[in-house]
């Protein structure tokens, strides 16, 4: 009885942490739309102001409100991260299912491709793809999505291989159901929890790598409120004592990444309780 009570308390604690993390992300998204773009206008009389009640994150060397820039930059990171993660998941699903269903030759080829992508230095590969694609948002999305699908593809392949040998799949085949019907009605619902958890765990890595690419200056305008650009521009002002230009954007990026990581881990444990003992 005591063990059951402890389990319920742990579950409630996880649900509270999950709700808190999700609420924090939701507040940032609401603020990003609510804050006026007028705060991003240049202001000669409000340059390099330290954090205050009027400017929570201070102002930069052009007089722009750093709180507004940081929040709107985080919205851009979340949008790019979500789109890149979705594309990466689609690649992982296709590659994983193909590896598990189209025979040993296709499985060997896809496994070799996965090993090739994993073996290359991650950031260098992203920079190369982004450079070839010409930079910009599309280059960043392409560079990120083509380098983050491998781990999930292996999970999908393993799950599909297990499901294929299940009795209900064999019964469905004996009734003459098509491969498309079996994939849509049996395989996809079975692997959906793994895909959802994979998306949530992939998201923080995608956000960090998107920030790294924008920090390196791949194609985005300096006026674009992106976390990577904000941090890149602030580097030259740290030595002059403008610490708030780096500290607050960097802290928000870390907190958002940890929030998504926490959401993914808590949902993984709730969906697969046995994984909490690993």
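Residue numbers (this note's numbering): 15 to 292. Glycine included, C-beta positions come from ideal geometry on N, C-alpha and C. Note that the structure is a prediction, hence the values are computed from the model and not measured.
Helix, strand or coil for residue i per DSSP?
i: residue 74; result: coil
i: residue 52; result: helix
i: residue 273; result: helix
i: residue 182; result: helix
i: residue 237; result: coil
i: residue 102; result: helix
i: residue 194; result: helix
i: residue 256; result: coil
i: residue 64; result: coil
i: residue 147; result: coil
i: residue 30; result: helix
i: residue 109; result: helix
i: residue 136; result: helix
i: residue 231; result: coil
i: residue 161; result: coil
i: residue 116; result: coil
i: residue 282; result: helix
Can you give me the Cβ contacts of residue i inside the same chain, cut-off strictly under 6 Å, excluding the 5 residues immediately before and after it?
i: residue 248; result: 259, 260
i: residue 292; result: No answer about residue 292 holds up, because its pLDDT of 47 lies below 50 and its placement is not dependable.
i: residue 56; result: 76, 77
i: residue 89; result: 46
i: residue 160; result: 143
To the nearest angstrom, how far is it from the Cα of residue i to the Cα of residue j?
i: residue 207; j: residue 96; result: 18 Å
i: residue 93; j: residue 242; result: 14 Å
i: residue 157; j: residue 34; result: 31 Å
i: residue 228; j: residue 240; result: 7 Å
i: residue 275; j: residue 221; result: 11 Å
i: residue 177; j: residue 184; result: 10 Å
i: residue 66; j: residue 147; result: 42 Å
i: residue 145; j: residue 209; result: 29 Å
i: residue 280; j: residue 225; result: 25 Å
i: residue 267; j: residue 198; result: 38 Å
i: residue 108; j: residue 252; result: 46 Å
i: residue 255; j: residue 167; result: 46 Å
i: residue 124; j: residue 105; result: 12 Å
i: residue 68; j: residue 85; result: 16 Å
i: residue 181; j: residue 200; result: 12 Å
i: residue 138; j: residue 117; result: 33 Å
i: residue 173; j: residue 205; result: 7 Å
i: residue 295; j: residue 100; result: This structure cannot settle anything about residue 295, because the visible part of the chain is limited to 15 through 292.
i: residue 98; j: residue 155; result: 5 Å
i: residue 175; j: residue 263; result: 44 Å
i: residue 43; j: residue 273; result: 14 Å
So who's on the other strand from residue i, going by DSSP bridges?
i: residue 3; result: Any answer about residue 3 is impossible in this case: the structure gives the chain only from 15 up to 292.
Enumerate in chain order the residues of its own chain whose CB-to-CB distance from residue i is below 7 Å, with the five nearest sequence positions on each side excluded.
i: residue 1; result: Residue 1 is absent from the structure shown; the chain starts at 15 and stops at 292.
i: residue 164; result: 128, 131, 132
i: residue 136; result: 161
Output needed for residue i: all residues of its chain with C-beta closer than 8 Å, excluding positions within five of it in sequence on either side, in chain order.
i: residue 61; result: 73, 74, 75, 76, 77
i: residue 41; result: none
i: residue 16; result: Interpretation of residue 16 is limited by its pLDDT of 44, a score under 50 that renders its predicted location unreliable; no figure is taken from the coordinates.
i: residue 25; result: 284
The stretch 214–221 / the stretch 180–194 touching (three or more Cβ pairs under 8 Å): no
Inter-stretch contact (C-beta, 8 Å, three-pair minimum) for the stretch 123–132 and the stretch 67–78: no
Contact between the stretch 41–54 and the stretch 75–89 (3+ Cβ pairs under 8 Å): yes
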